[in-house]
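Number of protein chains: 2
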Amino acid sequence: MPQERGFHVAVVGATGAVGQQMIKTLESRDFPISKISLLSSARSAGKKAVFNGQEVTIEEAKPESFEGVDIALFSAGGSISKVLAPEAVKRGAIVVDNTSAFRMDQDIPLVVPEVNADDLKNHNGIIANPNCSTIQMVVALEPLRQKFGLKKVIVSTYQAVSGAGAAAVSEMEEQTRAILEGKEAEAKILPVGSLDKHYQIAFNAIPQIDKFEENGFTFEEMKMINETKKIMHHPELEVAATCVRLPVGTGHSESVYFELDTDGVSAADIKTLLAEAPGVVLQDDPSQQIYPMPAYCVGKNDVFVGRIRKDLDNEKGFHMWVVSDNLLKGAAWNSVQIAETLIELGLVK
Amino acid sequence: MPQERGFHVAVVGATGAVGQQMIKTLESRDFPISKISLLSSARSAGKKAVFNGQEVTIEEAKPESFEGVDIALFSAGGSISKVLAPEAVKRGAIVVDNTSAFRMDQDIPLVVPEVNADDLKNHNGIIANPNCSTIQMVVALEPLRQKFGLKKVIVSTYQAVSGAGAAAVSEMEEQTRAILEGKEAEAKILPVGSLDKHYQIAFNAIPQIDKFEENGFTFEEMKMINETKKIMHHPELEVAATCVRLPVGTGHSESVYFELDTDGVSAADIKTLLAEAPGVVLQDDPSQQIYPMPAYCVGKNDVFVGRIRKDLDNEKGFHMWVVSDNLLKGAAWNSVQIAETLIELGLVK
Numbered sequence: 015m016p017q018e019r020g021f022h023v024a025v026v027g028a029t030g031a032v033g034q035q036m037i038k039t040l041e042s043r044d045f046p047i048s049k050i051s052l053l054s055s056a057r058s059a060g061k062k063a064v065f066n067g068q069e070v071t072i073e074e075a076k077p078e079s080f081e082g083v084d085i086a087l088f089s090a091g092g093s094i095s096k097v098l099a100p101e102a103v104k105r106g107a108i109v110v111d112n113t114s115a116f117r118m119d120q121d122i123p124l125v126v127p128e129v130n131a132d133d134l135k136n137h138n139g140i141i142a143n144p145n146c147s148t149i150q151m152v153v154a155l156e157p158l159r160q161k162f163g164l165k166k167v168i169v170s171t172y173q174a175v176s177g178a179g180a181a182a183v184s185e186m187e188e189q190t191r192a193i194l195e196g197k198e199a200e201a202k203i204l205p206v207g208s209l210d211k212h213y214q215i216a217f218n219a220i221p222q223i224d225k226f227e228e229n230g231f232t233f234e235e236m237k238m239i240n241e242t243k244k245i246m247h248h249p250e251l252e253v254a255a256t257c258v259r260l261p262v263g264t265g266h267s268e269s270v271y272f273e274l275d276t277d278g279v280s281a282a283d284i285k286t287l288l289a290e291a292p293g294v295v296l297q298d299d300p301s302q303q304i305y306p307m308p309a310y311c312v313g314k315n316d317v318f319v320g321r322i323r324k325d326l327d328n329e330k331g332f333h334m335w336v337v338s339d340n341l342l343k344g345a346a347w348n349s350v351q352i353a354e355t356l357i358e359l360g361l362v363k
Numbered sequence: 015m016p017q018e019r020g021f022h023v024a025v026v027g028a029t030g031a032v033g034q035q036m037i038k039t040l041e042s043r044d045f046p047i048s049k050i051s052l053l054s055s056a057r058s059a060g061k062k063a064v065f066n067g068q069e070v071t072i073e074e075a076k077p078e079s080f081e082g083v084d085i086a087l088f089s090a091g092g093s094i095s096k097v098l099a100p101e102a103v104k105r106g107a108i109v110v111d112n113t114s115a116f117r118m119d120q121d122i123p124l125v126v127p128e129v130n131a132d133d134l135k136n137h138n139g140i141i142a143n144p145n146c147s148t149i150q151m152v153v154a155l156e157p158l159r160q161k162f163g164l165k166k167v168i169v170s171t172y173q174a175v176s177g178a179g180a181a182a183v184s185e186m187e188e189q190t191r192a193i194l195e196g197k198e199a200e201a202k203i204l205p206v207g208s209l210d211k212h213y214q215i216a217f218n219a220i221p222q223i224d225k226f227e228e229n230g231f232t233f234e235e236m237k238m239i240n241e242t243k244k245i246m247h248h249p250e251l252e253v254a255a256t257c258v259r260l261p262v263g264t265g266h267s268e269s270v271y272f273e274l275d276t277d278g279v280s281a282a283d284i285k286t287l288l289a290e291a292p293g294v295v296l297q298d299d300p301s302q303q304i305y306p307m308p309a310y311c312v313g314k315n316d317v318f319v320g321r322i323r324k325d326l327d328n329e330k331g332f333h334m335w336v337v338s339d340n341l342l343k344g345a346a347w348n349s350v351q352i353a354e355t356l357i358e359l360g361l362v363k
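Chains as they are written, first to last, in the working numbering: chain A, 15 to 363; chain B, 15 to 363.
This is the structure in structure tokens:
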């Protein structure tokens with residue numbers, strides 16, 4: 015999106031799995047940049063990166079780092095965002111935050127541009143980027159909600175390891191090599207690095223992403239439940255989630271059951287609607303074995319939808335399969351897309 | 015289960031992934047055997063196997079192979095069963111068939127011993143062993159149906175590659191090695207060997223198991239739907255399934271949402287019931303990160319259940335996570351268990 019004016023953009027968490035995708039996405043989108051600041055923890059500061067062919071030194075993220083910054087993309091963990099995002103705002107930057115730090119704050123818009131770009135108009139300096147697994151689901155559900163009304167959603171996820179960071183992907187690869195050589199797999203990171211128990215992810219499925227809440231759901235599951243209602247402005251929507259980690263590097267998949275408010279809708283009606291929906295690519299032809307899969311979505315910004323079929327018992331019930339690159343639409347691309355939309359709406363001073 | 019009398023047992027498909035587990039299970043259960051016949055296709059005939067320390071030559075399965083056989087365990091594909099199971103019955107054998115050939119025939123019991131052992135009494139020579147993904151689900155659901163009534167089930171599966179045979183597991187391992195070495199993954203078997211398109215399963219998830227029906231569901235999904243109703247004698251049960259293949263060698267997992275007929279049931283009530291249920295091992299303590307996982311269920315006969323929690327919107331709705339070794343309870347063990355139950359009920363002449 016070339017523009018007359020260039021912006022000073024900061025990427026916080028520039029060495030992380032998502033941060034690196036943010037940098038690539040800013041490049042590939044030809045984002046109007048006058049200056050880029052790549053920020054990280056003290057540990058990674060001093061490393062070099064390349065942006066648009068120019069070498070850039072990564073600097074430690076401090077309050078002063080945001081002097082003169084127009085747009086700051088944060089993806090360095092919630093505790094960093096809590097401390098530094100207000101400092102960036104104080105210095106005049108708009109923050110797009112890809113952590114859970116502010117997502118459920120009433121004053122902070124939680125935005126998926128295809129769904130609720132208008133919420134950006136009410137920002138107070140910080141815009142939250144939703145959880146990866148939430149984003150791809152609401153992109154697929156919002157056109158259905160708008161046209162037919164949406165009553166209930168039950169989702170089971172098939173989530174990739176890169177959602178837990180680059181170190182988790184390396185661990186999965188090491189475990190996989192070990193098992194193929196008949197050795198023991200060592201587990202130190204998944205499901206949650208800071209908890210006591212770690213389980214092998216190679217050739218396994220772990221039904222825990224993030225910590226558990228008192229109600230038996232995980233934080234990841236509650237994020238999907240609460241964020242979906244907020245993004246869609248639909249607090250009475252019934253949502254339930256089961257979130258599972260798979261031995262897949264990148265690409266989240268979701269088995270979604272949903273009930274509409276409207277009678278008489280066919281699977282063909284839903285396919286027609288989603289074929290034209292923003293951000294969605296319909297891949298749905300069982301006769302040709304066409305449906306989305308994570309291994310084939312990597313590096314693409316879209317949300318892929320297939321296996322759309324009507325429930326056999328509930329006239330208003332349907333099933334579908336939703337896949338997207340969790341590092342792109344689930345994180346980096348959605349953040350950059352928010353930044354682009356802020357510029358288009360004239361909201362970056 | 016030592017018995018006074020020994021039986022002549024035949025295993026048809028003795029060289030396959032399930033057949034090999036059947037042989038191991040007969041050994042480990044100390045099944046009362048006077049003679050064992052290991053049968054296969056002409057291609058594998060002549061190979062040697064060891065049963066209870068004795069070398070046994072594998073023979074080509076023919077109608078005459080069943081002369082004198084008391085119990086025949088079939089797992090060599092539906093077309094073999096259709097031809098040879100009636101021949102075995104004609105010669106006085108009871109057949110336990112682990113293919114889909116007869117499962118939905120009205121005259122043929124479809125049996126999971128924990129659920130409907132009584133149906134064995136009405137057999138006409140052939141007993142069908144249900145689909146692997148159905149078995150583990152009904153073992154977990156039947157105690158709930160009996161005590162609270164069951165209205166609706168929505169399941170998303172996470173199925174292991176060994177369900178598609180030993181060659182598919184080898185292919186997954188070869189693909190995995192290739193990808194880790196930066197090479198292309200070659201796909202020739204999954205999702206369905208006989209169809210045109212084959213997709214990589216390594217580091218991927220494939221939302222197709224078996225062929226598609228006209229209604230958009232796969233045969234595997236329709237098996238789960240129809241078999242569940244038949245086994246539970248509950249034709250009005252609402253069931254929907256989405257079946258997905260994962261890069262897991264052995265161990266099927268299932269994310270199961272269900273609605274009871276009864277109000278006022280708590281997650282604790284369900285845990286108490288399942289802790290005592292036949293064939294079920296409860297692994298459910300989020301505070302200790304205890305829940306079932308496929309990598310840790312391999313080689314065990316039980317159905318492992320965890321992540322039991324109440325739906326946040328529906329008073330009668332619950333979620334759970336069900337894991338079992340698809341080659342054992344899903345196939346070989348359930349078949350041998352049917353044979354043991356036939357003997358206990360005095361149904362083997």
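Glycine included, each C-beta is placed from N, C-alpha and C at the ideal position.
Using beta-carbon distances, VAL262/B counts as an interface residue toward chain A, with a partner under 8 Å. With contacts defined as CB atoms closer than 8 Å, LEU209/A and GLN303/B qualify as a contacting pair. Rounded to whole angstroms, the gap between the alpha carbons of GLY163/B and LYS166/A is 22 Å. For LEU52/A, the pairing in a beta bridge is given by DSSP as VAL25/A. Each residue's CA atom was taken as its position, placing ILE245/B and VAL169/A some 26 Å apart. A buried status is given to GLU128/A, since no fewer than 16 other beta-carbon atoms sit within 10 Å of its beta-carbon.
Residues of the stretch 341-357 of chain B with a Cβ closer than 9 Å to any Cβ of chain A: none.
DSSP places GLY33/A within a helical segment (H, G or I) once states are collapsed to three. Not flagged as an interface residue toward chain B: PHE272/A, since no C-beta distance is shorter than 8 Å. Distance from SER176/B to LEU356/B at the Cβ level is roughly 26 Å; contact not present, criterion being Cβ atoms closer than 8 Å. In the DSSP assignment, LYS324/B falls within the beta strand (DSSP E) that extends over 317-324. Between the alpha carbons of LYS202/A and GLU74/B lies a gap of roughly 49 Å. Membership of GLY265/A in any alpha helix (DSSP H) is not indicated, and neither H nor E is assigned to it by DSSP. Ranking ALA154/A, ALA345/A, GLY179/A and ARG259/A by CA distance to the CA of GLY320/A puts ALA154/A first. It is roughly 23 Å from the alpha-carbon of LYS324/B to the alpha-carbon of VAL206/A.
Looking from the CA of SER301/A, the closest CA among GLU227/B, ASN143/B, LEU251/B and ASP275/B belongs to GLU227/B.
For LEU288/A, the uninterrupted alpha helix (DSSP H) segment begins and ends at 281-289. Across the structure, GLU156/B and PRO292/B are spaced so that their CA atoms are roughly 10 Å apart. For THR190/B, the three-state secondary structure derived from DSSP is helix. Contact annotation for PRO292/A against chain B: no contact, minimum CB-CB distance about 23 Å [criterion: below 9 Å].
Comparing alpha carbon positions, the residue from VAL109/A, SER147/A, PHE65/A and MET236/A closest to LEU134/A is VAL109/A.
In this structure the stretch 47-66 of chain B touches the stretch 23-32 of chain B; the number of beta carbon pairs closer than 8 Å is three or more.
A check of alpha carbon separations from VAL279/B across LEU251/B, LEU158/B and ALA31/B identifies LEU158/B as the nearest. For HIS333/B, the pairing in a beta bridge is given by DSSP as TYR271/B and ARG323/B. Close to HIS333/B, with beta-carbon spacing below 7 Å, are these residues of chain A in chain order: ALA254 and THR256. Judged by their CB atoms, LEU361/A and HIS137/A are nearer to each other than the 8 Å cut-off. Secondary structure at ARG259/A: strand, using DSSP grouped into helix, strand and coil.
Around the Cβ of ARG57/A, a 10 Å sphere holds fewer than 16 other Cβ atoms; the residue is exposed.
Against chain A, the beta carbon of ILE168/B has neighbours under 8 Å at ILE168 and TYR271, listed in chain order.
SER95/A carries a helical assignment under DSSP once its states are collapsed to helix, strand and coil. Using a Cβ-Cβ distance cut-off of 8 Å, the stretch 267-275 of chain B and the stretch 180-191 of chain B are not in contact, since fewer than three pairs of beta carbons, one from each stretch, lie closer than that value. In the structure shown, ILE357/B adopts helical secondary structure according to DSSP, grouped into three states. For ASP325/B, the nearest beta carbon of chain A is closer than 8 Å to its own beta carbon.
For GLU241/B, the enclosing alpha helix (DSSP H) starts and ends at 233-245. Think of a sphere of 8 Å around the beta carbon of LEU288/A: no beta carbon from chain B falls inside it, the nearest being about 14 Å out. DSSP places TYR310/B in the helix class (H, G or I) of the three-state scheme.
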